[in-house]
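Visitor: Starting off with a structure, shown below.
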Amino acid sequence: QVQLVESGGGLVQPGGSLRLSCDASRIIFSINAMGWYRQAPGKQRELVAAISSGGSTNYADSVKGRFTISRDNAKNTVYLQMNSLKPEDTAVYYCNAETRFVSYWGQGTQVTVSS
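According to this note's numbering, the sequence shown is numbered sequentially starting from 123.
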(Lines of atoms letter the chains of each structure in order from A and count residues from 1; the text may use other names and numbers.)
(Lines give C-alpha, C1' and ligand atoms only; values in the text may rest on other atoms or scores of the structure.)
Protein backbone atom coordinates (compact mmCIF):
# COMPACT_ATOMS: atom_id res chain seq x y z
CA GLN A 1 0.00 0.00 0.00
CA VAL A 2 1.43 3.34 -1.07
CA GLN A 3 1.76 5.69 1.87
CA LEU A 4 3.53 8.58 0.14
CA VAL A 5 2.36 9.92 -3.20
CA GLU A 6 4.82 12.14 -5.05
CA SER A 7 4.11 14.41 -8.00
CA GLY A 8 5.63 17.26 -9.95
CA GLY A 9 8.71 15.79 -11.59
CA GLY A 10 9.49 16.16 -15.25
CA LEU A 11 11.82 17.59 -17.86
CA VAL A 12 12.94 21.20 -17.54
CA GLN A 13 15.58 23.35 -19.16
CA PRO A 14 18.55 24.66 -17.18
CA GLY A 15 17.51 27.71 -15.19
CA GLY A 16 13.93 26.53 -15.01
CA SER A 17 11.75 25.63 -12.04
CA LEU A 18 9.75 22.68 -10.78
CA ARG A 19 7.66 22.09 -7.69
CA LEU A 20 7.49 18.64 -6.15
CA SER A 21 4.67 17.60 -3.85
CA CYS A 22 4.40 14.64 -1.50
CA ASP A 23 1.07 13.64 -0.04
CA ALA A 24 1.48 11.75 3.24
CA SER A 25 -2.15 11.92 4.31
CA ARG A 26 -2.45 8.12 4.33
CA ILE A 27 0.03 7.79 7.18
CA ILE A 28 -1.82 7.20 10.42
CA PHE A 29 1.06 7.96 12.78
CA SER A 30 2.16 11.43 13.79
CA ILE A 31 4.83 12.62 11.38
CA ASN A 32 7.98 14.22 12.68
CA ALA A 33 10.48 15.24 10.04
CA MET A 34 9.76 15.15 6.32
CA GLY A 35 12.29 15.47 3.59
CA TRP A 36 13.40 15.05 0.02
CA TYR A 37 16.29 12.90 -1.10
CA ARG A 38 17.66 12.29 -4.56
CA GLN A 39 19.66 9.65 -6.33
CA ALA A 40 21.46 10.21 -9.59
CA PRO A 41 22.63 7.29 -11.77
CA GLY A 42 25.70 5.66 -10.26
CA LYS A 43 25.54 7.75 -7.10
CA GLN A 44 24.30 7.21 -3.57
CA ARG A 45 21.03 8.64 -2.37
CA GLU A 46 21.59 12.01 -0.72
CA LEU A 47 19.57 14.38 1.39
CA VAL A 48 18.33 17.43 -0.49
CA ALA A 49 16.22 19.16 2.14
CA ALA A 50 14.38 18.35 5.34
CA ILE A 51 11.83 20.07 7.52
CA SER A 52 10.79 19.33 11.08
CA SER A 53 7.24 19.37 12.38
CA GLY A 54 8.01 22.80 13.83
CA GLY A 55 9.24 24.17 10.53
CA SER A 56 13.01 24.05 11.02
CA THR A 57 14.77 23.34 7.75
CA ASN A 58 18.12 22.16 6.49
CA TYR A 59 19.48 21.90 2.98
CA ALA A 60 22.31 20.29 1.11
CA ASP A 61 24.96 22.88 0.30
CA SER A 62 24.45 22.26 -3.40
CA VAL A 63 20.84 23.48 -3.31
CA LYS A 64 20.98 26.28 -0.76
CA GLY A 65 19.49 29.47 -2.16
CA ARG A 66 17.80 27.62 -5.02
CA PHE A 67 15.47 25.10 -3.38
CA THR A 68 12.85 25.72 -0.71
CA ILE A 69 11.14 23.02 1.34
CA SER A 70 7.81 23.66 3.02
CA ARG A 71 5.04 21.61 4.57
CA ASP A 72 1.35 21.83 5.31
CA ASN A 73 0.85 19.95 8.58
CA ALA A 74 -2.92 20.03 8.25
CA LYS A 75 -2.67 18.20 4.93
CA ASN A 76 0.40 16.10 5.81
CA THR A 77 1.99 17.35 2.61
CA VAL A 78 5.53 18.47 1.92
CA TYR A 79 6.68 20.53 -1.05
CA LEU A 80 10.00 21.22 -2.70
CA GLN A 81 10.22 24.34 -4.82
CA MET A 82 13.23 24.05 -7.11
CA ASN A 83 14.46 27.14 -8.92
CA SER A 84 17.51 27.82 -11.08
CA LEU A 85 17.76 24.15 -11.88
CA LYS A 86 21.04 22.79 -13.15
CA PRO A 87 21.84 19.64 -15.14
CA GLU A 88 23.51 18.21 -12.02
CA ASP A 89 20.12 18.32 -10.27
CA THR A 90 18.97 15.52 -12.56
CA ALA A 91 17.99 12.56 -10.40
CA VAL A 92 15.13 10.55 -9.02
CA TYR A 93 13.71 12.49 -6.09
CA TYR A 94 12.27 10.60 -3.14
CA CYS A 95 9.99 11.85 -0.40
CA ASN A 96 10.61 10.67 3.17
CA ALA A 97 8.40 10.88 6.25
CA GLU A 98 9.68 9.97 9.70
CA THR A 99 7.36 8.81 12.45
CA ARG A 100 8.22 7.43 15.86
CA PHE A 101 7.81 3.88 14.60
CA VAL A 102 8.40 3.79 10.87
CA SER A 103 10.33 5.62 8.17
CA TYR A 104 8.28 5.93 4.99
CA TRP A 105 9.57 6.40 1.47
CA GLY A 106 7.88 7.37 -1.74
CA GLN A 107 8.43 5.58 -5.01
CA GLY A 108 10.35 8.47 -6.51
CA THR A 109 9.77 11.02 -9.22
CA GLN A 110 12.19 11.73 -12.04
CA VAL A 111 13.59 15.22 -12.47
CA THR A 112 15.59 15.81 -15.64
CA VAL A 113 17.31 19.12 -16.32
CA SER A 114 18.45 19.32 -19.91
CA SER A 115 18.38 21.60 -22.90
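Heads up, the beta-carbon is just placed ideally off N, CA and C, and yes, glycines get one too.
No experiment lies behind these values; they were computed from the predicted model shown.
Compare the Cα-Cα distances from Q161 to each of R188, T179, T231 and report the closest residue.
Guide: When each option's Cα is compared against that of Q161, the closest is T231.
Visitor: Flag R141 as yes when its Cβ comes closer than 7 Å to any non-hydrogen atom of the ligand FMN, and as no otherwise.
Guide: Absence of the ligand FMN from the depicted structure is noted, as is the absence of any ligand whatsoever, leaving it without description.
Visitor: For D194, report the span of its beta strand (DSSP E) as first-last.
Guide: Residues 189 to 194.
Visitor: Mark V200 as exposed unless 16 or more other C-beta atoms lie within 10 angstroms of its C-beta, in which case mark it buried.
Guide: Its Cβ being crowded by 16 or more others within 10 Å, V200 is buried.
Visitor: Helix, strand or coil, according to DSSP, for D145 in the structure here?
Guide: Of the three classes helix, strand and coil, the one that applies to D145 here is strand, per DSSP.
Visitor: Can you give me the Cβ contacts of R141 inside the same chain, cut-off strictly under 8 Å, excluding the 5 residues immediately before and after it?
Guide: G130, Y201, L202, Q203, M204, listed in sequence order.
Visitor: If we ignore side chains and look at the alpha-carbon of each, how far apart do K186 and S206 end up?
Guide: Cα to Cα, the separation comes out at about 11 Å.
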